[in-house]
Amino acid sequence: MSRATLIVNPRAGSRRDLATLIPAMIRVLEAQGIVAGFVETTGPNTAASLAANALSEGADTVVACGGDGTVHEVLQGVVGTSAALGVVPIGTANALARNLGLSPDPRRAISQLAGASIARIPVGRVEYSASNDGSELQSRCFAVLAGAGPDGALVYSLLAGKAALGRTAYYAHAARLFMTRPFPPFRISYRSTGSDSWQEDRAVNAMCARVGDLGGLFSKLTHGSSLYSTSLRLSYLRPPGRLSLPSWFVSGQLGIHSRNPWLRTIEVDEFRCEPIGEAANVHAQVDGEWIGRLPISVRLIPDALSFLIPTSVPSR
Numbered sequence: 550m551s552r553a554t555l556i557v558n559p560r561a562g563s564r565r566d567l568a569t570l571i572p573a574m575i576r577v578l579e580a581q582g583i584v585a586g587f588v589e590t591t592g593p594n595t596a597a598s599l600a601a602n603a604l605s606e607g608a609d610t611v612v613a614c615g616g617d618g619t620v621h622e623v624l625q626g627v628v629g630t631s632a633a634l635g636v637v638p639i640g641t642a643n644a645l646a647r648n649l650g651l652s653p654d655p656r657r658a659i660s661q662l663a664g665a666s667i668a669r670i671p672v673g674r675v676e677y678s679a680s681n682d683g684s685e686l687q688s689r690c691f692a693v694l695a696g697a698g699p700d701g702a703l704v705y706s707l708l709a710g711k712a713a714l715g716r717t718a719y720y721a722h723a724a725r726l727f728m729t730r731p732f733p734p735f736r737i738s739y740r741s742t743g744s745d746s747w748q749e750d751r752a753v754n755a756m757c758a759r760v761g762d763l764g765g766l767f768s769k770l771t772h773g774s775s776l777y778s779t780s781l782r783l784s785y786l787r788p789p790g791r792l793s794l795p796s797w798f799v800s801g802q803l804g805i806h807s808r809n810p811w812l813r814t815i816e817v818d819e820f821r822c823e824p825i826g827e828a829a830n831v832h833a834q835v836d837g838e839w840i841g842r843l844p845i846s847v848r849l850i851p852d853a854l855s856f857l858i859p860t861s862v863p864s865r
């Protein structure tokens with residue numbers, strides 16, 4: 550890292566100390582001989598273009614300062630380039646930073662990044678429809694999680710009030726939604742790692758995580774997932790949701806996922822989720838951002854991103 554730009558989400562985590570925090574972080578980098586500056590996002594979906602602009606102006610490193618949503622946006626502007634991406638947690642949800650072993654204190658986290666190593670990693674890519682008739686396809690890359698079903702419905706339900714919910718209220722809302730709302734089944738098709746043939750099943754939930762600990766209520770659901778994996782770890786629940794969803798959380802907390810008759814966890818190269826019937830209304834999300842309704846398709850992009858990894862974290 551020789552020239553870094555911090556992309557700062559001023560609304561992340563409702564912090565009130567950014568006026569002193571950001572200059573302090575800049576000074577940490579400059580003390581290591583790194584030329585550093587920062588820009589602030591001005592609203593949703595602005596971080597990707599800010600990251601791309603920083604690279605065009607000569608930055609070799611972009612640091613996303615915010616939560617997982619901010620990282621997700623910055624990722625879109627960096628993936629596929631030779632530039633490195635770093636993360637400083639100042640948001641509400643910081644699953645990626647936590648799995649990287651970064652300190653929750655932004656000042657300590659930026660110090661960790663100043664001496665970090667660079668690892669080239671694969672990232673997931675979701676293709677989805679941006680129109681009701683499915684004619685307008687878009688795609689996003691992700692570093693934490695993609696899912697369809699209850700987690701997509703949760704993100705959709707919180708679109709208007711996400712910033713107002715504290716962590717406890719968020720988990721309470723999630724638990725209430727998962728335990729009380731009926732979720733329609735959808736078709737899931739997947740190609741297992743190394744296989745040329747597709748398998749098909751019915752599911753009420755599908756989740757593909759790139760980190761092993763989502764935190765809080767979801768901390769035990771994605772054990773075994775890794776940023777470095779060269780395959781996608783797909784977990785899905787068979788219907789009925791009123792039984793499979795509660796059992797998923799219980800078996801996760803007890804560490805007995807393998808005994809859950811409704812849960813399947815497999816390594817795949819790609820998978821698709823499609824609605825069953827015209828009335829199906831199944832939401833999808835990526836890195837905690839709502840992207841619409843099914844269908845979606847997901848695959849892995851190899852050697853896609855240079856990532857700053859603290860030296861205290863094993864590279865594999």
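Residue numbers (our numbering): 550 to 865.
Virtual Cβ for every residue (Gly too), placed ideally from N, Cα, C.
For Pro-824, the enclosing beta strand (DSSP E) starts and ends at 812 to 824. Excluding the 5 residues flanking it on each side, Thr-630 has same chain C-beta neighbours closer than 7 Å at Leu-604, in chain order. Bounds of the beta strand (DSSP E) holding Thr-610 are 610 to 615. Under the DSSP assignment, Val-588 falls in the beta strand (DSSP E) whose first and last residues are 584 to 589.
Asn-648 carries a helical assignment under DSSP once its states are collapsed to helix, strand and coil.
Separation of Phe-587 and Met-574 (C-alpha to C-alpha, rounded to the nearest whole angstrom) is 10 Å.
The region 773 to 810 contains, as complete alpha helix (DSSP H) runs of 4+ residues, the segments 790 to 803 (chain order). For Ala-601, the enclosing alpha helix (DSSP H) has its first and last residue at 596 to 605.
Secondary structure note for Pro-655: its alpha helix (DSSP H) is the uninterrupted segment 655 to 663.
For the pair Arg-656 and Met-550, the Cα-to-Cα distance works out to about 17 Å. Separation of the CB atoms of Gly-743 and Val-831 is rounded to 29 Å, and the pair is thereby denied contact status at 8 Å. It is roughly 6 Å from the alpha-carbon of Thr-554 to the alpha-carbon of Ala-585. Relative to the Cα of Pro-671, the nearest Cα in the group Glu-685, Cys-690 and Leu-662 belongs to Cys-690. Contact annotation, Arg-791 with Ala-752: C-beta distance approximately 14 Å; criterion of less than 8 Å not satisfied. In this structure, Ala-692 lies away from Gly-837, with their beta-carbon atoms at least 9 Å apart.
For the 9 Å CB-CB criterion, Glu-823 and Ile-737 form a contact. Around the Cβ of Gly-664, a 10 Å sphere holds fewer than 16 other Cβ atoms; the residue is exposed. Here Met-728 is exposed, its C-beta having fewer than 16 other C-beta atoms within 10 Å.
Taking every protein chain shown into account, the CB of Glu-819 has 16 or more other CB atoms within 10 angstroms, so this residue is buried.
Under DSSP, the beta-bridge partners assigned to Thr-554 are Gly-586 and Val-611.
In this chain, the beta strand (DSSP E) harbouring Arg-669 covers 666 to 678. Rounded to whole angstroms, the separation of the alpha carbons of Asp-750 and Leu-812 is 12 Å.
Gly-764 is positioned such that its CB atom lies closer than 9 Å to that of Ala-644. Note that the C-beta distance between Val-817 and Tyr-739 is below 9 Å. DSSP places Val-704 inside the alpha helix (DSSP H), whose first and last residues are 699 to 706.
At the C-beta level, Val-847 and Arg-674 come within 9 Å of one another. When beta bridges are read from the DSSP output, His-832 appears opposite Arg-842. A residue is called buried once 16 or more other Cβ atoms fall within 10 Å of its Cβ, and Ile-639 is buried on that count. In the DSSP annotation of this structure, the continuous segment of the alpha helix (DSSP H) that includes Glu-579 starts and ends at 567 to 580. Inclusion of Val-612 and Leu-857 in the CB contact set at 9 Å is warranted, their separation being smaller than that value.
Gly-618 and Ser-784 have their C-alpha atoms some 22 Å from each other. Within the DSSP secondary-structure output, Ile-737 pairs in a beta bridge with Asp-750 and Cys-822.
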